[in-house]
Amino acid sequence: MHMKLDSKIPSGPLKDKWDKHRFEMKLVNPANKRKYHVIVVGSGLAGASAAASMSELGYNVSCFAYQDSPRRAHSIAAQGGINAAKNYRNDGDSIHRLFYDTVKGGDFRAREANVYRLAQVSNSIIDQCVAQGVPFGREYGGLLANRSFGGAQVSRTFYARGQTGQQLLLGAYQALEKEIARGGVTMYNRHEMLDLVVVNGVARGIVTRDMVTGAVEAHVADAVVLGTGGYGNVFYLSTNAKGCNVTATYRAYKKGAAFANPCYTQIHPTCIPVAGEHQSKLTLMSESLRNDGRVWVPRRKEDCDKKPSEIAEEDRDYYLERKYPSYGNLSPRDISSRAAKEACDEGRGVGPGGRGVYLDFSDAIGRLGAKEIGERYGNLFEMYQRITDEDPYQVPMRIYPAVHYTMGGLWVDYNLETTIPGLHCIGEANFSDHGANRLGASALMQGLADGYFVLPYTIGHYLASNTFEKVTTDHPEFQAALESVKTRTATLLGVKGTRTVDSFHKELGKILWEKCGMARNADGLKQALQEIPVLRDEFWKNVTVPGSGDSFNQSLEKAGRVADFMEFAELMVTDALHREESCGGHFREEHQEAGEAKRNDEQFAYVAAWEYAGDGKAPVLNREPLEFESVHLATRSYK
Amino acid sequence: MGSVFAPNLWDMLKFWNSSVGKKVVMGVTGLVLVGFVIGHMAGNLQIFMGQVRYNAYAKLLQEDIIEVTWAVRIALLVSVILHVLSAWQLTQRAWAARPVDYSIREAQVSTYASRTMRWGGVFLFVFLVVHLGQFTLGWKWLLPEFIRGAAYGNVVLAFERPLWVAFYLLAMFFLLLHLVHGTWAVLRTLGVAKNAAEPLARRIPWIIALVVTVGFSLVPLGVALGVVR
Amino acid sequence: MSGTMKITLKVWRQADPTAPGAFEEYVAPDVSPDMSFLEMLDVVNERLIEGGKDPIAFDHDCREGICGMCGLMINGAAHGPSKLTTTCQLHMRSFKDGDHITIEPWRAKAFPVIRDLVVDRTPLDRIIQAGGFISVATGSPQDANALPIGKPDADESMDAAACIGCGACVAACPNASSSLFTAAKISHLGLLPQGQPERYRRALKMVAQMDLEGFGGCTLFGECMAACPKGISIDFIKRMHGDYLWAAVTEKPEKVTLGSG
Numbered sequence: 015m016h017m018k019l020d021s022k023i024p025s026g027p028l029k030d031k032w033d034k035h036r037f038e039m040k041l042v043n044p045a046n047k048r049k050y051h052v053i054v055v056g057s058g059l060a061g062a063s064a065a066a067s068m069s070e071l072g073y074n075v076s077c078f079a080y081q082d083s084p085r086r087a088h089s090i091a092a093q094g095g096i097n098a099a100k101n102y103r104n105d106g107d108s109i110h111r112l113f114y115d116t117v118k119g120g121d122f123r124a125r126e127a128n129v130y131r132l133a134q135v136s137n138s139i140i141d142q143c144v145a146q147g148v149p150f151g152r153e154y155g156g157l158l159a160n161r162s163f164g165g166a167q168v169s170r171t172f173y174a175r176g177q178t179g180q181q182l183l184l185g186a187y188q189a190l191e192k193e194i195a196r197g198g199v200t201m202y203n204r205h206e207m208l209d210l211v212v213v214n215g216v217a218r219g220i221v222t223r224d225m226v227t228g229a230v231e232a233h234v235a236d237a238v239v240l241g242t243g244g245y246g247n248v249f250y251l252s253t254n255a256k257g258c259n260v261t262a263t264y265r266a267y268k269k270g271a272a273f274a275n276p277c278y279t280q281i282h283p284t285c286i287p288v289a290g291e292h293q294s295k296l297t298l299m300s301e302s303l304r305n306d307g308r309v310w311v312p313r314r315k316e317d318c319d320k321k322p323s324e325i326a327e328e329d330r331d332y333y334l335e336r337k338y339p340s341y342g343n344l345s346p347r348d349i350s351s352r353a354a355k356e357a358c359d360e361g362r363g364v365g366p367g368g369r370g371v372y373l374d375f376s377d378a379i380g381r382l383g384a385k386e387i388g389e390r391y392g393n394l395f396e397m398y399q400r401i402t403d404e405d406p407y408q409v410p411m412r413i414y415p416a417v418h419y420t421m422g423g424l425w426v427d428y429n430l431e432t433t434i435p436g437l438h439c440i441g442e443a444n445f446s447d448h449g450a451n452r453l454g455a456s457a458l459m460q461g462l463a464d465g466y467f468v469l470p471y472t473i474g475h476y477l478a479s480n481t482f483e484k485v486t487t488d489h490p491e492f493q494a495a496l497e498s499v500k501t502r503t504a505t506l507l508g509v510k511g512t513r514t515v516d517s518f519h520k521e522l523g524k525i526l527w528e529k530c531g532m533a534r535n536a537d538g539l540k541q542a543l544q545e546i547p548v549l550r551d552e553f554w555k556n557v558t559v560p561g562s563g564d565s566f567n568q569s570l571e572k573a574g575r576v577a578d579f580m581e582f583a584e585l586m587v588t589d590a591l592h593r594e595e596s597c598g599g600h601f602r603e604e605h606q607e608a609g610e611a612k613r614n615d616e617q618f619a620y621v622a623a624w625e626y627a628g629d630g631k632a633p634v635l636n637r638e639p640l641e642f643e644s645v646h647l648a649t650r651s652y653k
Numbered sequence: 728m729g730s731v732f733a734p735n736l737w738d739m740l741k742f743w744n745s746s747v748g749k750k751v752v753m754g755v756t757g758l759v760l761v762g763f764v765i766g767h768m769a770g771n772l773q774i775f776m777g778q779v780r781y782n783a784y785a786k787l788l789q790e791d792i793i794e795v796t797w798a799v800r801i802a803l804l805v806s807v808i809l810h811v812l813s814a815w816q817l818t819q820r821a822w823a824a825r826p827v828d829y830s831i832r833e834a835q836v837s838t839y840a841s842r843t844m845r846w847g848g849v850f851l852f853v854f855l856v857v858h859l860g861q862f863t864l865g866w867k868w869l870l871p872e873f874i875r876g877a878a879y880g881n882v883v884l885a886f887e888r889p890l891w892v893a894f895y896l897l898a899m900f901f902l903l904l905h906l907v908h909g910t911w912a913v914l915r916t917l918g919v920a921k922n923a924a925e926p927l928a929r930r931i932p933w934i935i936a937l938v939v940t941v942g943f944s945l946v947p948l949g950v951a952l953g954v955v956r
Numbered sequence: 005m006s007g008t009m010k011i012t013l014k015v016w017r018q019a020d021p022t023a024p025g026a027f028e029e030y031v032a033p034d035v036s037p038d039m040s041f042l043e044m045l046d047v048v049n050e051r052l053i054e055g056g057k058d059p060i061a062f063d064h065d066c067r068e069g070i071c072g073m074c075g076l077m078i079n080g081a082a083h084g085p086s087k088l089t090t091t092c093q094l095h096m097r098s099f100k101d102g103d104h105i106t107i108e109p110w111r112a113k114a115f116p117v118i119r120d121l122v123v124d125r126t127p128l129d130r131i132i133q134a135g136g137f138i139s140v141a142t143g144s145p146q147d148a149n150a151l152p153i154g155k156p157d158a159d160e161s162m163d164a165a166a167c168i169g170c171g172a173c174v175a176a177c178p179n180a181s182s183s184l185f186t187a188a189k190i191s192h193l194g195l196l197p198q199g200q201p202e203r204y205r206r207a208l209k210m211v212a213q214m215d216l217e218g219f220g221g222c223t224l225f226g227e228c229m230a231a232c233p234k235g236i237s238i239d240f241i242k243r244m245h246g247d248y249l250w251a252a253v254t255e256k257p258e259k260v261t262l263g264s265g
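Protein chains in written order, with the working numbering: chain Y, 15 to 653; chain S, 728 to 956; chain A, 5 to 265.
In structure tokens:
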């Protein structure tokens with residue numbers, strides 16, 4: 015029952031594919047656009063930009079967000095910046111270089127054609143955002159400023175202080191609100207998607223729960239777009255917002271959408287270390303800090319308890335500069351994270367529990383002055399001080415890697431359509447552009463590329479190429495989906511056990527962090543595959559969810575999400591176990607050479623797209639081979 | 728139809744209906760009243776130049792240029808009415824905007840002056856009526872010995888009574904607070920103040936408020952201390 | 005990293021928008037100073053759930069001070085005692101052993117309570133809908149560097165754009181006014197050349213919507229600025245007033261031109 019994975023990559027030279035495809039795609043007559051109803055789930059960079067752009071084109075759009083306003087989506091927390099191949103700095107950047115850096119950064123596990131298109135539209139994103147009033151950082155001459163970011167040797171990152179994600183999201187949010195006011199978009203705040211409805215093999219709607227009244231409702235559409243973000247919260251502790259979850263994409267998976275590369279998770283190297291058991295989330299310190307901060311640990315274990323100022327220069331190990339002299343502190347995220355873990359595993363970590371490394375600004379402050387450093391990172395320094403009660407102008411920051419982004423997601427073709435016709439997936443929720451590791455400042459680029467410049471074209475092609483039978487919520491598939499959501503809610507409320515949802519979530523997170531985290535091995539993964547189902551069984555027997563289903567009930571919301579994480583975790587571990595190589599964020603201890611990740615291009619240069627086979631059955635692996643025509647598969651070296 | 732600087736009635740109504748519009752009306756009328764109190768205070772100080780001079784000043788205003796005085800009085804009356812009306816309506820809106828109050832809300836930076844604008848304003852209005860009744864309209868129950876035209880004597884007679892001195896000084900205290908906040912806020916309300924590193928600083932407003940209220944207070948104090956007799 | 009603290013909480017509990025609501029007291033016996041305020045509430049909630057009781061409902065999401073979802077009135081101060089700090093970034097080291105803490109929801113007619121400490125802030129979205137945007141359709145712009153913007157203007161615009169829409173300005177204002185929120189958006193866009201074509205119309209419409217939602221007017225108490233976790237200056241309110249005033253005297257009514265296009 016293998017599904018057919020047709021990536022629909024247009025033929026022709028790489029640089030002409032998107033142009034050619036845009037010409038070949040069918041168009042919807044302007045007068046007919048309003049007759050099509052498109053559902054967008056999620057209001058982050060991808061969802062909001064897609065919903066606004068499609069409404070501007072004339073489609074009738076409904077947009078759903080679990081927060082109280084679309085402006086809260088977690089894209090807002092991205093700090094550092096957004097990449098574009100503008101080459102404003104005249105430092106040798108180009109579309110091809112951005113494309114190449116992204117493919118290489120992703121450890122050659124991304125689809126060439128998608129990444130090239132991403133680099134092509136990157137410049138339009140900056141133009142669009144400036145026109146919307148995004149207050150990017152500027153030079154005194156009035157032109158846009160840039161900074162460098164990990165994994166690149168050109169300065170191509172545009173930024174708005176340390177709040178780039180916020181400003182880009184507010185741009186998209188304002189465009190969305192403009193369309194809501196105009197009547198093109200109907201916004202559903204505090205609504206959570208709990209199921210996808212597939213009619214005759216085609217995605218035709220969703221089932222949601224109104225989180226205020228508890229009402230379970232069905233919504234019919236001609237196409238459904240998921241922009242529901244990543245699944246990093248499967249680890250419990252991550253830099254994601256507390257509400258981020260896998261439910262929408264996992265429900266789609268269970269309805270037939272292939273889930274690609276779930277084991278590709280990005281561990282961000284610069285986060286504030288865990289302070290104690292009460293920790294509810296981890297806070298990222300922007301990667302841009304590595305432009306001026308130097309990462310080090312004591313050379314000797316015995317020095318770990320000393321104050322950093324008491325450790326002499328020669329007793330410090332600036333391990334990134336030592337191991338990767340050409341990229342140094344700007345080495346890509348996966349490499350920097352693993353290097354920090356190694357240092358701590360060797361007993362040279364600092365701070366509580368020895369899980370931390372220093373990020374030291376004293377050289378930069380000496381060179382540029384505290385004022386200039388404050389200009390660049392002031393808000394990040396303040397945030398650090400608020401959380402840790404330490405002043406990074408005086409003592410080095412302590413940082414440690416944390417789960418940050420998930421490169422895996424629903425499998426999509428070149429049109430961003432999943433294996434379920436009519437179901438599209440954009441932004442972090444899909445798998446498409448970052449391969450096995452995402453470069454800094456590329457998430458914002460991809461979310462907005464999908465939403466502003468790719469999906470609005472491809473959705474038209476889908477709508478114009480198909481005819482749609484009239485469907486209402488009375489259709490048996492809708493009724494069945496409504497019923498199953500209600501039953502599931504009732505079941506969760508009916509267990510009435512003794513353990514809280516969070517306690518299960520924390521335990522699941524620990525299993526994954528230890529066995530499917532920064533470094534993985536077959537034994538650990540097999541153990542995890544034993545432990546997860548046991549925990550899941552206990553969850554369904556012993557969870558306690560107070561309150562009722564027909565009112566505002568945050569415990570119930572969490573319970574539904576954790577129940578899906580419990581199942582999804584198994585898929586993720588299964589994928590990690592099957593991928594017998596190290597690539598990007600997926601590091602298998604068995605596959606390394608001199609401490610560096612060792613890829614296996616012979617056997618694993620493919621996208622692993624998992625297909626749901628039924629409850630209790632092993633998921634089916636489908637492979638989309640990755641063909642590289644324009645880049646040479648090389649060992650990724652940042653030395 | 729609203730061509731430049733010639734808004735029609737509908738636009739004016741819309742303006743008056745908006746919270747910003749009412750605040751602007753309150754600010755502009757407040758400015759008129761600030762101008763008045765400065766002039767009034769300066770005029771009053773002539774009492775220290777003797778009875779002849781002071782009564783001549785009163786005669787000037789009440790007889791010689793009575794038309795001008797009336798024009799000013801009408802402008803002031805309109806200003807007071809609009810000032811009080813807009814304040815009243817904005818207060819109603821503010822109260823309606825928080826039907827359930829907090830059990831505690833700690834003021835962080837707001838000044839005592841800003842928080843007493845409303846009740847202090849009510850007191851100032853009462854004071855205004857009393858003051859006019861006493862010295863302009865000559866209500867006998869407020870000042871039985873009132874003699875029309877004998878401005879100097881009326882003042883001395885009133886402030887020989889300590890209770891009146893206390894009442895006037897209390898009023899000047901509220902005027903001080905009202906002016907500190909009002910003269911600071913008005914430039915911001917009209918959108919003409921400059922950006923400031925500390926937008927809550929109120930140096931010049933304090934100077935204006937102190938000059939006006941100390942100037943006014945000198946008159947009852949002068950009588951009470953026997954400097955004016 | 006000192007020992008734990010005993011904290012007594014007085015929390016507003018309200019089952020739904022129409023229920024009366026009342027304070028209830030909870031004791032948190034072992035609060036670590038390194039906890040965030042919300043983590044302290046998490047611990048209290050875990051214990052409530054284990055005891056079969058409904059946990060305290062409060063809004064939160066990113067827990068890193070940027071999404072604007074959290075917001076509690078803590079001992080009479082919006083977002084609590086630390087300046088420039090959202091509730092989620094407030095840490096328990098700001099309190100001491102034995103402290104009593106009163107927690108209330110944002111209170112305003114425009115922000116009805118949904119449950120306990122959760123309020124409905126959609127009026128802020130509607131203020132944005134009234135004009136808090138630049139009308140530019142996707143795909144139409146010129147090159148980003150074709151429009152130089154002086155750094156001081158760009159910086160001031162960014163100062164205003166930093167607003168996270170948490171509603172603390174409304175919560176802290178004695179008048180429950182949303183002037184700072186509205187002014188921040190009017191200023192963010194009005195300071196940029198891209199925002200000029202709609203600048204005055206935007207001011208008119210956003211102020212009108214703010215009034216329509218039932219927020220109070222501005223008395224320039226300054227409480228909003230003190231409560232604002234992003235330190236947005238009341239100078240922007242002055243700017244909004246200036247724009248509104250100019251708009252009121254100069255803005256031409258919208259003409260409906262038939263037969264065009």
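Positions of the beta carbon are idealized from the N, C-alpha and C atoms, including for glycine.
Q.
Please list, in chain order, the chain Y residues whose beta carbon lies closer than 8 Å to that of His352(A).
A. Coverage of chain A is limited to positions 5 through 265, which leaves residue 352(A) absent and any answer about it impossible.
Q) Which word fits Val954(S), buried or exposed, when buried means at least 16 other C-beta atoms lie within 10 angstroms of its C-beta? A) By the Cβ neighbour-count rule, Val954(S) is exposed, with fewer than 16 other Cβ atoms within 10 Å of its own.
(Q) Counting only beta-carbon separations shorter than 7 Å, does His292(Y) have a partner in chain A? (A) Yes - at least one Cβ of chain A is within 7 Å of the one on His292(Y).
Q. Alpha carbon to alpha carbon, how far is Leu28(Y) from Tyr130(Y)?
A. Rounded to whole angstroms, Leu28(Y) and Tyr130(Y) show a C-alpha spacing of 7 Å.
Q: Pull out every residue of the stretch 180-201 of chain Y whose Cβ sits closer than 7 Å to any Cβ of chain A, in chain order.
A: So the list reads Gln180, Gln181, Leu184, Gln188, Ala189, Glu191, Lys192, Ile194, Ala195, given in the order they occur along the chain.
(Q) For a minimum of 3 consecutive residues, which ranges assigned as the beta strand (DSSP E) are wholly contained in the stretch 98-174 of chain A? (A) Taking only runs of at least 3 residues, the beta strand (DSSP E) segments lying wholly in the stretch 98-174 of chain A are 104-108, 117-119.
Q: Apply the 10 Å Cβ neighbour rule to Ser345(Y) and answer buried if 16 or more other Cβ atoms are within range, or exposed otherwise.
A: By the neighbour-count criterion, in which a residue is buried when 16 or more other Cβ atoms sit within 10 angstroms of its Cβ, Ser345(Y) is buried.
Q) How many angstroms separate the CA atom of Thr242(Y) from the CA atom of Glu206(Y)? A) When the Cα atoms are used, Thr242(Y) and Glu206(Y) turn out to be separated by approximately 10 Å.
**Q.** Segment contact flag, the stretch 246-258 of chain A with the stretch 198-214 of chain A, C-beta cutoff 8 Å, min 3 pairs
**A.** Cβ pair count under 8 Å is three or more, so yes.
Q: Report the residue ranges of all alpha helix (DSSP H) runs contained in full by the stretch 332-405 of chain Y; include only those spanning at least 4 residues, in chain order.
A: Counting whole runs of 4 or more residues, the stretch 332-405 of chain Y contains the alpha helix (DSSP H) stretches 333-337, 347-359, 376-382, 384-402.
Q) At which residues does the alpha helix (DSSP H) containing Glu545(Y) begin and terminate? A) Unbroken alpha helix (DSSP H) run through Glu545(Y): 536-556.
Q.
So Arg85(Y) and Tyr187(Y) are supposed to be a Cβ contact under 8 Å. How far apart are they, rounded?
A. Confirmed, Cβ separation roughly 4 Å.
Q) So, are the CB atoms of Leu210(Y) and Arg223(Y) less than 7 Å apart? A) Not closer than 7 Å, so no.
**Q.** Proximal chain S residues relative to Asp215(A), where beta-carbon distance stays under 9 Å
**A.** Per Cβ cutoff of 9 Å: Asn744, Ser745, Ser746, Val747, Arg820.
(Q) Does any residue of chain Y have a CB that is nearer than 7 Å to the CB of Pro152(A)? (A) Output row for Pro152(A): interface = yes.
Q: Could you name the residues of chain Y that Ser36(A) contacts, counting a contact when the two beta carbons are closer than 7 Å?
A: In chain order, Gly290, His292 make up the part of chain Y whose C-beta sits under 7 Å from the C-beta of Ser36(A).
Q | Residue from His475(Y), Asp564(Y), Ala577(Y) with nearest C-alpha to Glu38(Y) | A | Nearest in C-alpha terms to Glu38(Y), of all of His475(Y), Asp564(Y), Ala577(Y), is His475(Y).
Q.
On the DSSP bridge list, what partners appear for Met606(Y)?
A. According to the sequence displayed, residue 606(Y) carries Gln and not Met. Looking at the DSSP assignment, Gln606(Y) forms a beta bridge with Ala611(Y).
Q.
With a threshold of 7 Å between beta carbons, is Phe306(A) in contact with chain Y?
A. This structure does not reach residue 306(A), given that chain A is present from 5 up to 265, and the question cannot be answered.
Q. Whose C-alpha, out of Val234(Y), Thr227(Y), Ala232(Y), Arg265(Y), is nearest the C-alpha of Tyr245(Y)?
A. Tyr245(Y) has its Cα closest to that of Arg265(Y), out of Val234(Y), Thr227(Y), Ala232(Y), Arg265(Y).
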